[in-house]
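Here the structure comes first, spelled out in C-alpha coordinates, and everything after it is commentary.
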Amino acid sequence: CLFQQEALRRIINTLANKNEELQHFLDSVDGTQTGLQPHPLLSAPPPAVARVTMAPAFRMATRPAVSENMSQFTVDFIGEKAGLLRLNFLPVPRAPEIDVSSCVVRDNSITVAWRPSDGDGPIERYDLEHRKANRSGALRAAGEASWEKISDITDTQVTLSGLKFDSPFVVVRVRARNKAAAGDFSEPVAMETKAFTFGFDTATAHAELKIQGDMVTWEPQGVKGHDARLRGKENKNSATPSPNKTAGSRGGRERFAGEAYTVLGDQEINGGCHYWELRPLADWKSLSVGVAYRGSLGRFYQLGKSSASWCLYASQWLQSALAAKHGNRAKALDWPLPQRIGVYCDHDNGELMFIDVDRLRLLHVFRNRFLQPLVPAFTVSTTVLLQCVKTFSHSNLLYCDSYNSL
(Lines of atoms letter the chains of each structure in order from A; the text may use other names.)
(Lines give C-alpha, C1' and ligand atoms only; values in the text may rest on other atoms or scores of the structure.)
Protein backbone atom coordinates (compact mmCIF):
# COMPACT_ATOMS: atom_id res chain seq x y z
CA CYS A 1 0.00 0.00 0.00
CA LEU A 2 2.86 2.37 0.84
CA PHE A 3 4.56 1.48 -2.45
CA GLN A 4 1.41 2.31 -4.41
CA GLN A 5 1.04 5.65 -2.60
CA GLU A 6 4.65 6.54 -3.38
CA ALA A 7 4.19 5.62 -7.07
CA LEU A 8 0.99 7.67 -7.24
CA ARG A 9 2.81 10.63 -5.66
CA ARG A 10 5.58 10.43 -8.27
CA ILE A 11 3.00 10.29 -11.08
CA ILE A 12 1.21 13.35 -9.66
CA ASN A 13 4.50 15.26 -9.41
CA THR A 14 5.38 14.31 -12.97
CA LEU A 15 1.96 15.45 -14.21
CA ALA A 16 2.35 18.71 -12.31
CA ASN A 17 5.76 19.33 -13.90
CA LYS A 18 4.45 18.53 -17.35
CA ASN A 19 1.44 20.74 -16.77
CA GLU A 20 3.80 23.60 -15.83
CA GLU A 21 5.84 23.02 -19.01
CA LEU A 22 2.62 23.02 -21.05
CA GLN A 23 1.51 26.24 -19.39
CA HIS A 24 4.85 27.89 -20.22
CA PHE A 25 4.46 26.81 -23.82
CA LEU A 26 0.92 28.22 -23.98
CA ASP A 27 2.13 31.49 -22.45
CA SER A 28 4.88 31.80 -25.09
CA VAL A 29 2.33 31.31 -27.87
CA ASP A 30 -0.04 33.79 -26.18
CA GLY A 31 2.68 36.44 -26.11
CA THR A 32 3.14 36.68 -29.86
CA GLN A 33 1.88 39.67 -31.91
CA THR A 34 -0.28 40.20 -35.00
CA GLY A 35 0.99 41.49 -38.36
CA LEU A 36 2.72 38.49 -39.99
CA GLN A 37 3.51 38.93 -43.70
CA PRO A 38 1.54 36.47 -45.92
CA HIS A 39 2.50 32.94 -46.94
CA PRO A 40 5.93 31.71 -45.79
CA LEU A 41 4.88 31.17 -42.17
CA LEU A 42 7.34 28.47 -41.20
CA SER A 43 10.27 30.05 -43.03
CA ALA A 44 9.57 33.61 -41.85
CA PRO A 45 12.29 35.22 -39.71
CA PRO A 46 11.69 35.28 -35.94
CA PRO A 47 10.67 39.00 -35.75
CA ALA A 48 7.86 38.42 -38.29
CA VAL A 49 6.64 35.21 -36.63
CA ALA A 50 6.58 36.99 -33.29
CA ARG A 51 4.05 39.47 -34.62
CA VAL A 52 1.13 37.03 -35.02
CA THR A 53 -0.97 35.55 -32.23
CA MET A 54 -2.50 32.06 -32.42
CA ALA A 55 -3.55 31.65 -28.81
CA PRO A 56 -7.34 31.41 -29.41
CA ALA A 57 -6.88 28.87 -32.22
CA PHE A 58 -4.43 26.85 -30.12
CA ARG A 59 -6.82 26.54 -27.21
CA MET A 60 -9.71 25.47 -29.43
CA ALA A 61 -8.20 23.21 -32.06
CA THR A 62 -4.77 21.85 -31.14
CA ARG A 63 -4.50 18.26 -29.95
CA PRO A 64 -1.68 17.73 -27.46
CA ALA A 65 -0.37 14.17 -27.04
CA VAL A 66 1.60 12.68 -24.14
CA SER A 67 3.56 9.45 -24.15
CA GLU A 68 2.63 6.67 -21.73
CA ASN A 69 5.58 7.29 -19.42
CA MET A 70 5.01 11.10 -19.59
CA SER A 71 8.48 11.58 -21.06
CA GLN A 72 7.37 13.20 -24.33
CA PHE A 73 4.91 15.96 -25.13
CA THR A 74 3.84 16.83 -28.69
CA VAL A 75 1.37 19.24 -30.30
CA ASP A 76 0.01 18.91 -33.84
CA PHE A 77 -0.01 22.28 -35.66
CA ILE A 78 -0.96 20.97 -39.10
CA GLY A 79 -4.52 22.29 -38.89
CA GLU A 80 -3.40 25.70 -37.64
CA LYS A 81 -0.79 26.00 -40.40
CA ALA A 82 -3.39 25.32 -43.06
CA GLY A 83 -5.73 27.90 -41.54
CA LEU A 84 -3.07 30.59 -41.33
CA LEU A 85 -2.01 30.05 -44.93
CA ARG A 86 -5.59 30.75 -46.01
CA LEU A 87 -5.56 34.17 -44.24
CA ASN A 88 -4.94 37.37 -46.21
CA PHE A 89 -2.59 39.40 -44.02
CA LEU A 90 -2.46 43.20 -44.45
CA PRO A 91 0.98 44.55 -45.32
CA VAL A 92 2.51 47.30 -43.19
CA PRO A 93 1.84 50.58 -45.11
CA ARG A 94 4.83 52.22 -46.69
CA ALA A 95 5.63 55.85 -46.03
CA PRO A 96 3.56 58.36 -48.07
CA GLU A 97 5.27 61.06 -50.13
CA ILE A 98 4.56 64.69 -49.29
CA ASP A 99 3.58 66.60 -52.44
CA VAL A 100 5.50 69.82 -51.94
CA SER A 101 4.02 71.44 -55.07
CA SER A 102 0.50 71.10 -53.60
CA CYS A 103 1.38 72.43 -50.15
CA VAL A 104 0.29 75.99 -49.40
CA VAL A 105 1.56 78.41 -46.74
CA ARG A 106 -0.93 81.25 -46.23
CA ASP A 107 -3.32 83.05 -43.92
CA ASN A 108 -1.73 81.88 -40.68
CA SER A 109 -1.98 78.25 -41.76
CA ILE A 110 -0.24 75.51 -43.73
CA THR A 111 -2.03 73.02 -45.98
CA VAL A 112 -0.02 69.80 -46.33
CA ALA A 113 -0.81 67.34 -49.14
CA TRP A 114 0.68 63.90 -49.81
CA ARG A 115 0.45 60.86 -52.07
CA PRO A 116 -0.03 57.31 -50.68
CA SER A 117 2.35 54.59 -51.84
CA ASP A 118 1.09 52.13 -54.46
CA GLY A 119 0.17 48.59 -53.47
CA ASP A 120 -0.38 49.26 -49.78
CA GLY A 121 -3.95 48.02 -49.78
CA PRO A 122 -6.73 49.89 -47.98
CA ILE A 123 -5.49 52.79 -45.84
CA GLU A 124 -7.83 53.77 -43.02
CA ARG A 125 -6.21 56.98 -41.80
CA TYR A 126 -3.04 59.06 -41.58
CA ASP A 127 -1.04 60.63 -38.78
CA LEU A 128 0.81 63.93 -39.28
CA GLU A 129 3.49 65.48 -37.07
CA HIS A 130 4.88 69.02 -37.30
CA ARG A 131 7.32 71.22 -35.42
CA LYS A 132 9.08 74.55 -35.80
CA ALA A 133 12.66 74.74 -37.02
CA ASN A 134 15.26 77.42 -37.63
CA ARG A 135 16.80 75.81 -40.72
CA SER A 136 15.72 73.66 -43.65
CA GLY A 137 18.64 71.20 -43.43
CA ALA A 138 19.54 68.75 -40.65
CA LEU A 139 15.87 68.26 -39.83
CA ARG A 140 16.58 65.44 -37.42
CA ALA A 141 19.19 67.34 -35.43
CA ALA A 142 18.91 67.44 -31.67
CA GLY A 143 17.60 70.55 -30.02
CA GLU A 144 14.62 71.05 -32.32
CA ALA A 145 11.15 71.60 -30.89
CA SER A 146 9.12 68.52 -30.04
CA TRP A 147 6.69 67.08 -32.58
CA GLU A 148 3.04 68.11 -32.41
CA LYS A 149 0.63 65.42 -33.66
CA ILE A 150 -2.60 65.31 -35.64
CA SER A 151 -4.17 61.84 -35.77
CA ASP A 152 -7.01 60.07 -37.57
CA ILE A 153 -6.80 62.05 -40.83
CA THR A 154 -8.98 60.40 -43.48
CA ASP A 155 -8.04 62.61 -46.44
CA THR A 156 -4.67 62.94 -48.20
CA GLN A 157 -4.29 66.52 -47.03
CA VAL A 158 -4.80 68.53 -43.87
CA THR A 159 -4.63 72.21 -42.90
CA LEU A 160 -2.68 73.31 -39.85
CA SER A 161 -4.41 76.48 -38.66
CA GLY A 162 -3.88 78.87 -35.80
CA LEU A 163 -0.11 78.93 -36.30
CA LYS A 164 2.21 81.79 -35.48
CA PHE A 165 5.04 82.07 -37.96
CA ASP A 166 7.72 83.11 -35.50
CA SER A 167 10.35 80.71 -36.89
CA PRO A 168 11.75 80.44 -40.43
CA PHE A 169 10.44 76.91 -41.09
CA VAL A 170 7.78 74.42 -40.05
CA VAL A 171 8.79 70.77 -40.58
CA VAL A 172 6.10 68.17 -41.36
CA ARG A 173 6.00 64.40 -41.83
CA VAL A 174 3.16 61.90 -42.32
CA ARG A 175 2.53 58.16 -42.02
CA ALA A 176 -0.28 55.79 -43.07
CA ARG A 177 -2.33 53.34 -41.00
CA ASN A 178 -4.47 50.34 -41.83
CA LYS A 179 -6.39 47.97 -39.55
CA ALA A 180 -3.26 46.06 -38.62
CA ALA A 181 -0.45 48.55 -38.15
CA ALA A 182 1.05 51.99 -38.76
CA GLY A 183 3.88 52.41 -41.24
CA ASP A 184 7.00 54.55 -41.13
CA PHE A 185 6.88 58.33 -41.34
CA SER A 186 7.70 60.03 -44.61
CA GLU A 187 10.86 62.03 -45.03
CA PRO A 188 10.45 65.37 -43.21
CA VAL A 189 9.73 68.38 -45.41
CA ALA A 190 10.40 71.97 -44.33
CA MET A 191 7.81 74.65 -45.20
CA GLU A 192 9.29 78.14 -45.27
CA THR A 193 7.45 80.50 -42.93
CA LYS A 194 9.85 83.43 -42.89
CA ALA A 195 8.52 85.69 -40.19
CA PHE A 196 8.20 89.44 -39.97
CA THR A 197 7.99 89.31 -36.21
CA PHE A 198 7.28 92.56 -34.47
CA GLY A 199 5.76 93.71 -31.24
CA PHE A 200 4.60 96.99 -29.79
CA ASP A 201 7.14 99.71 -29.09
CA THR A 202 6.18 100.54 -25.52
CA ALA A 203 8.29 103.70 -25.62
CA THR A 204 5.80 105.19 -28.08
CA ALA A 205 2.62 103.97 -26.38
CA HIS A 206 0.19 106.55 -25.02
CA ALA A 207 0.23 106.65 -21.21
CA GLU A 208 -3.29 105.19 -21.13
CA LEU A 209 -2.41 102.19 -23.27
CA LYS A 210 -1.38 99.02 -21.45
CA ILE A 211 0.87 96.67 -23.43
CA GLN A 212 0.92 92.97 -22.52
CA GLY A 213 2.67 90.82 -25.11
CA ASP A 214 0.50 90.85 -28.23
CA MET A 215 -2.34 92.68 -26.49
CA VAL A 216 -3.07 96.38 -26.15
CA THR A 217 -5.66 97.63 -23.65
CA TRP A 218 -6.98 101.17 -23.39
CA GLU A 219 -7.29 102.13 -19.72
CA PRO A 220 -8.64 105.70 -19.46
CA GLN A 221 -7.58 107.64 -16.38
CA GLY A 222 -10.46 110.10 -16.25
CA VAL A 223 -8.72 112.78 -18.30
CA LYS A 224 -10.87 115.27 -20.20
CA GLY A 225 -11.92 113.89 -23.56
CA HIS A 226 -12.69 110.37 -22.42
CA ASP A 227 -16.44 110.87 -22.29
CA ALA A 228 -18.03 108.34 -24.64
CA ARG A 229 -20.30 111.05 -26.05
CA LEU A 230 -17.23 112.91 -27.27
CA ARG A 231 -15.24 109.98 -28.60
CA GLY A 232 -17.47 109.56 -31.62
CA LYS A 233 -16.13 112.83 -32.96
CA GLU A 234 -12.49 113.31 -33.78
CA ASN A 235 -10.46 116.32 -32.92
CA LYS A 236 -10.46 118.33 -36.13
CA ASN A 237 -7.41 120.25 -35.01
CA SER A 238 -5.33 117.16 -34.25
CA ALA A 239 -3.83 117.27 -37.73
CA THR A 240 -2.00 120.45 -36.78
CA PRO A 241 0.42 119.67 -33.98
CA SER A 242 2.08 122.21 -31.77
CA PRO A 243 5.26 123.63 -33.36
CA ASN A 244 7.19 122.37 -30.35
CA LYS A 245 5.76 118.83 -30.53
CA THR A 246 6.81 117.60 -33.93
CA ALA A 247 8.86 114.47 -34.37
CA GLY A 248 12.03 116.44 -34.93
CA SER A 249 11.76 118.41 -31.69
CA ARG A 250 10.54 115.88 -29.16
CA GLY A 251 13.76 115.94 -27.19
CA GLY A 252 13.64 112.18 -26.75
CA ARG A 253 9.95 112.09 -25.79
CA GLU A 254 8.58 109.37 -28.07
CA ARG A 255 5.33 108.67 -26.22
CA PHE A 256 2.08 109.79 -27.87
CA ALA A 257 -0.13 112.11 -25.84
CA GLY A 258 -3.43 113.98 -25.86
CA GLU A 259 -6.12 112.12 -27.77
CA ALA A 260 -3.61 110.25 -29.91
CA TYR A 261 -4.09 106.88 -28.17
CA THR A 262 -1.45 105.39 -30.44
CA VAL A 263 1.37 102.87 -30.29
CA LEU A 264 3.84 101.97 -33.04
CA GLY A 265 5.43 98.67 -33.96
CA ASP A 266 9.02 98.04 -32.96
CA GLN A 267 10.23 96.90 -36.41
CA GLU A 268 10.55 98.91 -39.63
CA ILE A 269 9.39 97.77 -43.05
CA ASN A 270 12.12 98.63 -45.54
CA GLY A 271 10.90 96.48 -48.43
CA GLY A 272 9.13 93.29 -49.39
CA CYS A 273 5.60 92.10 -48.69
CA HIS A 274 4.29 91.90 -45.15
CA TYR A 275 1.01 90.88 -43.59
CA TRP A 276 -0.41 91.04 -40.08
CA GLU A 277 -3.81 91.00 -38.41
CA LEU A 278 -5.62 92.83 -35.65
CA ARG A 279 -8.52 91.40 -33.67
CA PRO A 280 -10.57 93.48 -31.20
CA LEU A 281 -11.60 91.68 -28.04
CA ALA A 282 -14.70 91.94 -25.86
CA ASP A 283 -16.81 95.11 -26.13
CA TRP A 284 -14.51 97.18 -28.32
CA LYS A 285 -15.16 100.85 -29.03
CA SER A 286 -12.94 102.15 -31.82
CA LEU A 287 -9.58 101.50 -33.39
CA SER A 288 -7.31 102.40 -36.27
CA VAL A 289 -4.71 100.15 -37.84
CA GLY A 290 -2.22 100.96 -40.57
CA VAL A 291 1.32 102.14 -41.24
CA ALA A 292 3.24 105.37 -40.78
CA TYR A 293 6.57 107.10 -41.25
CA ARG A 294 7.99 107.01 -37.73
CA GLY A 295 10.02 110.19 -38.05
CA SER A 296 7.12 112.24 -39.43
CA LEU A 297 4.61 111.69 -36.61
CA GLY A 298 4.18 114.25 -33.85
CA ARG A 299 3.16 113.27 -30.33
CA PHE A 300 -0.39 114.53 -30.91
CA TYR A 301 -0.90 113.08 -34.38
CA GLN A 302 -3.79 110.71 -34.93
CA LEU A 303 -3.41 108.08 -37.63
CA GLY A 304 -4.65 109.17 -41.04
CA LYS A 305 -4.61 112.85 -40.12
CA SER A 306 -1.44 113.61 -42.10
CA SER A 307 0.41 112.52 -45.20
CA ALA A 308 2.72 110.43 -43.00
CA SER A 309 0.19 107.74 -42.09
CA TRP A 310 -2.38 105.46 -43.72
CA CYS A 311 -5.02 103.57 -41.75
CA LEU A 312 -8.37 101.83 -41.57
CA TYR A 313 -10.65 103.35 -38.93
CA ALA A 314 -13.47 101.35 -37.32
CA SER A 315 -15.87 102.48 -34.59
CA GLN A 316 -19.06 101.26 -32.98
CA TRP A 317 -19.52 104.13 -30.53
CA LEU A 318 -22.92 105.79 -30.92
CA GLN A 319 -23.07 104.48 -34.48
CA SER A 320 -21.03 102.15 -36.65
CA ALA A 321 -18.38 103.70 -38.87
CA LEU A 322 -15.78 102.23 -41.19
CA ALA A 323 -13.40 104.40 -43.21
CA ALA A 324 -9.99 104.51 -44.88
CA LYS A 325 -7.97 107.57 -43.82
CA HIS A 326 -4.92 109.35 -45.17
CA GLY A 327 -3.83 112.98 -45.45
CA ASN A 328 -6.69 114.19 -43.22
CA ARG A 329 -9.20 112.71 -45.64
CA ALA A 330 -11.59 109.87 -44.92
CA LYS A 331 -13.34 107.57 -47.38
CA ALA A 332 -16.40 105.91 -45.86
CA LEU A 333 -16.64 102.18 -46.59
CA ASP A 334 -20.03 100.52 -47.03
CA TRP A 335 -19.31 97.25 -45.26
CA PRO A 336 -20.10 95.67 -41.87
CA LEU A 337 -17.51 96.20 -39.16
CA PRO A 338 -14.86 93.49 -39.45
CA GLN A 339 -14.00 91.39 -36.42
CA ARG A 340 -10.55 90.55 -37.74
CA ILE A 341 -8.62 93.05 -39.86
CA GLY A 342 -5.76 91.97 -42.09
CA VAL A 343 -3.12 94.43 -43.27
CA TYR A 344 -1.05 93.62 -46.36
CA CYS A 345 1.81 95.97 -47.16
CA ASP A 346 3.85 95.71 -50.35
CA HIS A 347 6.47 98.34 -49.71
CA ASP A 348 8.31 97.92 -53.03
CA ASN A 349 5.19 98.29 -55.18
CA GLY A 350 3.55 100.94 -53.00
CA GLU A 351 0.39 99.03 -52.05
CA LEU A 352 -1.37 98.88 -48.69
CA MET A 353 -4.43 96.64 -48.45
CA PHE A 354 -6.98 96.21 -45.68
CA ILE A 355 -8.93 92.96 -45.58
CA ASP A 356 -11.94 91.64 -43.69
CA VAL A 357 -10.35 88.30 -42.89
CA ASP A 358 -13.47 86.46 -41.73
CA ARG A 359 -15.48 87.43 -44.84
CA LEU A 360 -12.47 87.33 -47.19
CA ARG A 361 -13.22 90.80 -48.52
CA LEU A 362 -10.87 93.50 -49.72
CA LEU A 363 -11.96 96.65 -47.89
CA HIS A 364 -9.61 99.25 -49.34
CA VAL A 365 -6.30 99.66 -51.18
CA PHE A 366 -3.93 102.61 -50.85
CA ARG A 367 -1.50 102.97 -53.74
CA ASN A 368 1.36 105.24 -52.88
CA ARG A 369 5.09 105.42 -53.45
CA PHE A 370 6.61 104.85 -50.02
CA LEU A 371 9.69 107.03 -49.72
CA GLN A 372 10.68 106.05 -46.19
CA PRO A 373 10.64 102.92 -44.04
CA LEU A 374 7.21 102.18 -42.56
CA VAL A 375 6.21 100.97 -39.11
CA PRO A 376 2.94 99.27 -38.14
CA ALA A 377 0.77 101.74 -36.26
CA PHE A 378 -2.30 101.34 -34.03
CA THR A 379 -4.72 103.74 -32.40
CA VAL A 380 -6.80 102.01 -29.75
CA SER A 381 -9.84 102.96 -27.69
CA THR A 382 -10.61 99.37 -26.73
CA THR A 383 -8.84 96.07 -26.12
CA VAL A 384 -7.26 94.48 -29.17
CA LEU A 385 -4.98 91.56 -29.91
CA LEU A 386 -2.19 91.74 -32.45
CA GLN A 387 -1.75 88.31 -33.99
CA CYS A 388 -0.62 86.35 -37.04
CA VAL A 389 2.51 88.43 -37.52
CA LYS A 390 4.22 87.17 -40.67
CA THR A 391 5.60 88.06 -44.07
CA PHE A 392 5.38 86.62 -47.57
CA SER A 393 7.89 86.56 -50.38
CA HIS A 394 6.96 87.82 -53.85
CA SER A 395 6.49 84.24 -55.05
CA ASN A 396 3.91 83.49 -52.36
CA LEU A 397 1.74 86.58 -52.01
CA LEU A 398 -1.28 86.05 -49.85
CA TYR A 399 -3.94 88.36 -51.18
CA CYS A 400 -2.73 90.09 -54.34
CA ASP A 401 -4.20 87.70 -56.91
CA SER A 402 -7.38 86.70 -55.10
CA TYR A 403 -8.43 90.16 -53.95
CA ASN A 404 -7.63 92.35 -56.94
CA SER A 405 -10.58 90.79 -58.75
CA LEU A 406 -13.10 91.88 -56.10
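1 is the number of the first residue of the sequence shown in full-length UniProt numbering; add one for each residue after it.
Virtual Cβ for every residue (Gly too), placed ideally from N, Cα, C.
Asked: Give me the residue from I11, L128, R10 and T74 with the minimum Cα distance to L26.; Found: T74
Asked: Decide if the stretch 95 to 114 is in contact with the stretch 146 to 160; the criterion is three or more beta carbon pairs, one per stretch, under 8 Å apart.; Found: yes
Asked: Write down every uninterrupted run of the beta strand (DSSP E) in the stretch 274 to 322 whose length is 3 residues or greater and which is fully enclosed by it, in chain order.; Found: 286 to 292 and 309 to 315
Asked: Excluding the five sequence neighbours on either side, which residues of its own chain have a C-beta within less than 6 Å of the C-beta of A16, listed in chain order?; Found: none
Asked: Tell whether a beta-carbon distance below 8 Å holds between I341 and V357.; Found: yes
Asked: For A321, I'd like the list of residues in its chain whose CB is within less than 6 Å of its CB, leaving aside the five on either flank, ordered along the chain.; Found: S315
Asked: Span of the alpha helix (DSSP H) holding A190?; Found: Careful: A190 lies outside any alpha helix (DSSP H), inside the beta strand (DSSP E) at V189 to E192.
Asked: Among E254, W218 and E277, which one has its Cα closest to the Cα of W284?; Found: W218
Asked: Suppose you measure from the CA of E192 to the CA of P93; what does that come to, to the nearest Å?; Found: 29 Å
Asked: Counting C-beta neighbours from all protein chains within 10 Å, is the total for T154 16 or more, i.e. buried, or is it exposed?; Found: exposed
Asked: Please list the terminal residues of the continuous alpha helix (DSSP H) segment that includes E80.; Found: I78 to L85
Asked: In three-state DSSP terms, what is F165?; Found: coil
Asked: Where do the ends of the beta strand (DSSP E) carrying L363 lie?; Found: R361 to R367
Asked: Taking DSSP as the reference, what is the three-state secondary structure of I11?; Found: helix
Asked: Which first and last residues belong to the beta strand (DSSP E) in which Q212 is found?; Found: L209 to Q212
Asked: Measuring alpha carbon to alpha carbon, tell me which of S288, R279, L281 and L363 ends up nearest A260.; Found: S288
Asked: Considering just the uninterrupted stretch of the beta strand (DSSP E) at W335, what are its terminal residues?; Found: W335 -> no beta strand (DSSP E), and no H or E assigned at all.
Asked: Can you tell which of R329, R115 and T197 has the C-alpha that lies nearest to the C-alpha of P96?; Found: R115
Asked: What do you get for S286, buried or exposed, if any count of 16 or more other CB atoms within 10 angstroms of its CB means buried?; Found: buried
Asked: In the DSSP assignment, find the unbroken beta strand (DSSP E) run with T217 in it and report its ends.; Found: M215 to W218
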